[in-house]
Amino acid sequence: MTTIRQNIHDVRERIASTARDCARSPEEVLLLAVSKTQPVTAIEKAILAGQRAFGENYVQEGVEKIHHFARNLTLEWHFIGRLQSNKSRLVAEHFAWCHTVDNLKIAQRLNKQRPVNMSALNVLIQINISNESNKSGIPLHELRQLAENICTLPRLRLRGLMVIPAVENDYQRQLENFKEIKQIFLELKRNYFQMDTLSLGMSADMVAAIHAGSTLLRIGSAIFGTRDYRRFCKKSIDIK
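Take 1 as the starting number for the sequence shown in our numbering and just add one per residue.
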C-alpha cells in the first residue's frame, strides 16, 4: 500500500522526468496538492513529505484548514473552486491565490475585501475554453477586457490563467488542447508582463500539460488517492 509521502515523491519524479524530456527545468512547474475533502491528518502527512502549496475547492472547508495550520507560515493556500459573491470575503482574507476569477464583480469584491496588511491577492482568470455549460470561466472573447480591468485593482495581482479543458483520454488530443491554451497565455502575456502562471493539468493529464508549458499542476488523486466525498457531503451542500 502506497503512502502519501511515496505518492508525492513519485509525482515529483514524474514531473522532473517529463520536464527534462521537453528541455524544461523541473523548478518551472509548481506542484499544487489538491486537498479538498481530505482530513487534516492527510495534509499533515503531505507537509512532512515536503509539500507546501495546497488547493481547496470549498471556501469554508479551506478556511478551517488554514486556521488549523496557521502556525506554519511556510504553507501557501490556493482557492481553486467556483466562487460565489457571498464567499468572496473569506477568500480575500485567508487565501494567497484565487484561481477562479471569471467576472469583474468577483474581482472588485476581492479587491475591496483584501486586507491592507496582506500582500495583494494573486489571481488567475479562469477561461471556459470548451464552452461547457457545467464549468465556470469566461468565454475567450471576454478575456482581454477582464485582464485589463483586473490590472486597475490595486489589491489584486494578475498572475495568469487557469483552464480545465474537456476531459480527453488521448495524449495527442490532450497535448493539442493544452498547446492552444498556452498560445492564448503567451499572447496575453505580451501586454501583461507580470503574468507568469499557467494553471493547467491534473493527475490524468499532467504529462501533456508539462509538455505544453504548464507552470502549475493541480494534483489530487495521484497524491491522496480516490476521494470519499460522502465524508464531506453535507458540508459541500452547505457551502456551494
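Ideal Cβ placement from N, Cα and C applies to all residues, glycine included.
Task: Own chain residues within Cβ distance below 8 angstroms of Ala107, not counting five before or after - done: Mapped onto the sequence shown, residue 107 falls at position 107. Contacts found: Val101, Val123, Leu146, Asn149, Ile150, Leu153 and Leu156.
- [ ] Can you say whether Pro115 is buried or exposed, counting buried as having 16 or more other CB atoms within 10 angstroms of its CB?
- [x] As a working note, residue 115 is residue 115 in the sequence shown. Here Pro115 is exposed, its C-beta having fewer than 16 other C-beta atoms within 10 Å.
Task: Assumed close pair His78, Ala96 - CB separation to whole angstroms, cut-off 8 angstroms - done: Your numbering for residue 78 matches position 78 in the sequence shown. Your numbering for residue 96 matches position 96 in the sequence shown. Rounded, the Cβ-Cβ distance is 7 angstroms, consistent with contact.
Open item on the list: What ranges does the alpha helix (DSSP H) occupy inside the stretch 10-47, keeping only unbroken runs of at least 4 residues that lie completely in it?
Closed with: None, since the stretch 10-47 contains no complete alpha helix (DSSP H) of that length.
- [ ] Please name the residue in Glu180, Ser85 and Ile138 whose C-alpha comes closest to that of Asn111.
- [x] On the sequence shown, residue 111 is found 111 positions in, with the first residue counted as 1. Taking Asn111 as reference, the option from Glu180, Ser85 and Ile138 with the minimal CA-CA separation is Ser85.
- [ ] For the beta strand (DSSP E) holding Ser199, just list the boundary residues, first then last.
- [x] For the purposes of this step, residue 199 is identified with residue 199 of the sequence shown, where counting begins at 1. Ser199: member of the beta strand (DSSP E) spanning Thr197 to Ser199, first to last residue.
Task: contact_flag[the stretch 216-225, the stretch 32-50] where n(CB pairs < 8 angstroms) is 3 or more - done: Contact between the stretch 216-225 and the stretch 32-50 is established, with three or more Cβ pairs separated by less than 8 angstroms.
Task: Local conformation of Ile237 per DSSP, three classes - done: Against the sequence shown, residue 237 aligns to sequence position 237. Residue placement at Ile237 is poorly supported in this model, since its pLDDT is 33, which falls under 50; the coordinates still yield a value, given next. Annotated three-state conformation of Ile237 is helix, per DSSP.
- [ ] Take Lys87 and list the residues in its own chain whose beta-carbon comes closer than 6 angstroms to its own, dropping the five residues that flank it on each side.
- [x] Locating residue 87 in the sequence shown gives position 87, where the first residue counts as 1. For Lys87, same chain residues with a beta-carbon under 6 angstroms away, outside a window of 5 residues either side, are Val59 in chain order.
Task: Residue span of the beta strand (DSSP E) that contains Val101, given as start and end - done: Translated into the one-based positions of the sequence shown, residue 101 becomes position 101. Segment Trp97 to Val101, the beta strand (DSSP E) holding Val101.
Task: Val163 - DSSP class collapsed to helix/strand/coil - done: Locating residue 163 in the sequence shown gives position 163, counting from the first residue. DSSP places Val163 in strand when its eight states are reduced to three.
TODO: Output the distance between the C-alpha atoms of Ile15 and Val207, rounded to the nearest integer angstrom.
DONE: Position 15 of the sequence shown, counted from the start, is the residue given in the question as residue 15. Position 207 of the sequence shown, counted from the start, is the residue given in the question as residue 207. Cα-Cα distance, rounded: 8 angstroms.
Task: Neighbourhood of Thr74 by C-beta distance below 7 angstroms, restricted to the same chain and skipping five residues each side - done: Start at 1 with the first residue of the sequence shown, and residue 74 comes out as number 74. Exclusion of the five residues before and after Thr74 leaves Arg52 as the residues of its chain whose Cβ lies within less than 7 angstroms of its Cβ.
- [ ] Go through the stretch 78-122 residue by residue and report every complete run of the alpha helix (DSSP H) that reaches 4 residues or more, in order.
- [x] Taking only runs of at least 4 residues, the alpha helix (DSSP H) segments lying wholly in the stretch 78-122 are 88-94 and 104-113.
Task: Sequence-distant residues of its chain with Cβ nearer than 6 angstroms to Gly62 (five each side left out) - done: What you label residue 62 is simply residue 62 of the sequence shown in a count that begins at 1. Answer for Gly62: Glu56, listed in chain order.
- [ ] Look at the alpha carbon of Ser35 and the alpha carbon of Glu142, and state the distance between them as a whole number of angstroms.
- [x] Counting from one through the sequence shown, the residue named residue 35 turns up at place 35. Counting from one through the sequence shown, the residue named residue 142 turns up at place 142. Their Cα atoms are separated by approximately 31 angstroms.
TODO: Only counting runs of 4 or more residues, tell me where the alpha helix (DSSP H) segments fall wholly within the stretch 188-222, in order along the chain.
DONE: Here the runs fully enclosed are 206-212.
TODO: Excluding the 5 residues preceding and the 5 following Leu175 in the sequence, name in chain order all residues of the same chain whose CB lies nearer than 7 angstroms to its CB.
DONE: Working through the sequence shown from its first residue, we reach residue 175 at position 175. The beta carbon of Leu175 is closer than 7 angstroms to those of Ala208, His211 and Ala212 in its chain, skipping five residues each way along the sequence.
- [ ] Please work out which residues of its chain come closer than 6 angstroms, Cβ to Cβ, to Asp10, disregarding the five sequence neighbours upstream and downstream, and give them in chain order.
- [x] On the sequence shown, residue 10 is found 10 positions in, with the first residue counted as 1. Within the same chain, no Cβ atom closer than 6 angstroms to the Cβ of Asp10 is found once the five residues on either side in sequence are excluded.
TODO: Could you spell out the range, first to last residue, of the beta strand (DSSP E) harbouring Ala53?
DONE: Taking the sequence shown and counting its residues from 1, one reaches residue 53 at position 53. Counting along the chain, the beta strand (DSSP E) containing Ala53 begins and ends at Ala53 to Glu56.
Task: Local conformation of Arg71 per DSSP, three classes - done: As a working note, residue 71 is residue 71 in the sequence shown. Correct three-state label for Arg71: coil.
- [ ] Look up Leu124 in the DSSP assignment and give the residues it is bridged to.
- [x] One-based indexing of the sequence shown puts residue 124 at position 124. DSSP, once it has assigned bridges, lists Gly160 as partnering Leu124.
- [ ] Quick one: grab the DSSP three-state call for Ile181.
- [x] Position 181 of the sequence shown, counted from the start, is the residue given in the question as residue 181. Ile181 sits in a helix when the DSSP states are folded into three classes.
Open item on the list: Can you tell me which residues form a DSSP beta bridge with Glu76?
Closed with: Residue numbering aside, residue 76 sits at position 76 when the sequence shown is read from its first letter. DSSP lists Ala53 as partners of Glu76.
Task: C-alpha gap between Lys235 and Asp21, whole angstroms - done: Along the sequence shown, one-based indexing puts residue 235 at 235. Along the sequence shown, one-based indexing puts residue 21 at 21. Low local confidence applies: a pLDDT of 46 at Lys235 is under 50, so the model's placement there is unreliable, with the coordinate-based value given in what follows. Between Lys235 and Asp21, the C-alpha separation is close to 42 angstroms.
Open item on the list: Just list the residues that DSSP pairs Ile8 with in beta bridges.
Closed with: To locate residue 8, count along the sequence shown from 1; it is residue 8. Answer by DSSP bridge pairing: none, since Ile8 is not bridged.
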